[in-house]
Amino acid sequence: MGLLVGLTGMGGGALMTPFLIFTGVKPTVAVGTDLFQMMFTKSFGAWQHHRQGSVNYRVVLPLIAGSLPGAMAGVVLLRVMEDSLGISADVFLTRLLGVVLTFAGVALFIRLFMRRWLWSRSQGWEVESPRGGRFLVLSAVGAVLGLLVGLTSVGSGTLFIVMMVALLRMSMRHIVGTDVAHSALLTAGAGLLHLGFGNVDLALAANILIGSVPGVIVGSRMTVRIPERGLRAAVAFALVGVGLKLL
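Here it is, written out as C-alpha cells:
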C-alpha cells in the first residue's frame, strides 16, 4: 500500500480500509486506524516529493482550506450517528465504502481514457495561484471530498487526484506530489480526531507502518522512472471490484 501511495498518490485508504474490514476489523476502527497510520505514511511521502520539487503549494492551500474542515465534520458525524441517532455506523460505513470505492474506480477509468480532453478544458490553471472563484471551487470540492475521507478514509488520494486532473493542468508528477502533501495534512487532522474518539488500534497501525513507510519512500522515488498508466488501470479495477463486493 505504501508503494502504491508513493508511486501513484492513491490506493492507501481505498484498498487498506476494505482489506482490514475483510480480515475482521470493526469498520469504524478500520477507518480510524487507516487514517491515523496514513498521517505518518503520507508525511514521509510528502517529504520525499518536496525534496524532488514535485509539490505545488499554491494548490495545497485552497484544497486543505476546504478538505480539513470537511474531514473533521465527517469524523464527528460518525460519532453523532452512533451515539445520538442510534444508527449502526459499521453497517452504514460498509455500504458507503462500497459506493465510494465503486465511484472512485469508475472516475479513475474516466480519467485514464479522457485525460487529454480534461487537460484541454483546464488549460492555464497551474501557472498562477488560485484566487477568487478558482480558490472557492477548489475549497468547495475539497470540503465535499474531505467529508468522504473523514467518513470512510477513502479519497485522500484517489478522488483528489481525479479532481485535480479535471480542474488543473499539471504534470502527473506534480499532481501526485501535490496530492501526497495535501493528504498528509488531511489525514493528520482526521486521524488524530479518530484517535481522540477511540477509533484507532495503535498496535495495528504500528504493524502497518512497518511496511508502508519504506514502501512510500521507494514509491515516491520511482515516480520519475516508471510509467503509471498500467498501474492506475489495475488500481481502478481493484477499486470497482472491492466496492461491488462491499455492496
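Adding 1183 to a residue's 1-based position in the sequence shown gives its number in my numbering.
The beta-carbon is built from N, C-alpha and C at its ideal position, and this holds for glycine as well.
Would residue i pass as a contact of residue j if the rule is Cβ separation under 8 Å?
i	j	result
T1440	V1423	Past the boundaries of the shown model lies residue 1440; the chain is included only from 1184 to 1430, so the question cannot be answered.
A1254	L1369	yes
T1216	A1373	no
G1338	V1283	yes
L1427	T1277	no
T1224	V1396	yes
A1287	L1198	no
G1249	G1329	yes
G1398	M1264	no
G1325	L1246	yes
T1200	L1291	no
Q1231	I1400	yes
F1420	R1262	no
Under the three-state reduction of DSSP, which class applies to residue i: helix, strand or coil?
i	result
N1390	helix
T1216	helix
R1352	coil
L1427	helix
F1380	coil
A1197	helix
L1235	Reading off the sequence, residue 1235 comes out as Gln, not Leu. Correct three-state label for Q1235: coil.
T1206	coil
S1336	coil
M1184	coil
G1307	Reliability fails at G1307, whose pLDDT of 46 lies under 50, so the model's placement of it is uncertain and the value that follows must be treated cautiously. Looking at G1307 - three-state DSSP - the assignment turns out to be coil, as it is neither helix nor strand.
A1416	helix
Taking residue i and residue j to be in contact with their CB atoms under 8 Å, please state how far apart those CB atoms are, rounded to whole angstroms.
i	j	result
A1367	M1222	7 Å
F1219	L1378	6 Å
G1333	V1383	In fact, because the Cβ distance is near 14 Å, the residues do not count as touching under 8 Å.
G1189	G1402	2 Å
L1321	L1350	7 Å
Check whether the region 1345 to 1359 touches the region 1235 to 1249, taking contact to mean three or more Cβ pairs, one atom from each stretch, closer than 8 Å.
yes
Touch check for the region 1314 to 1325 and the region 1196 to 1206: three-plus C-beta pairs under 8 Å?
no
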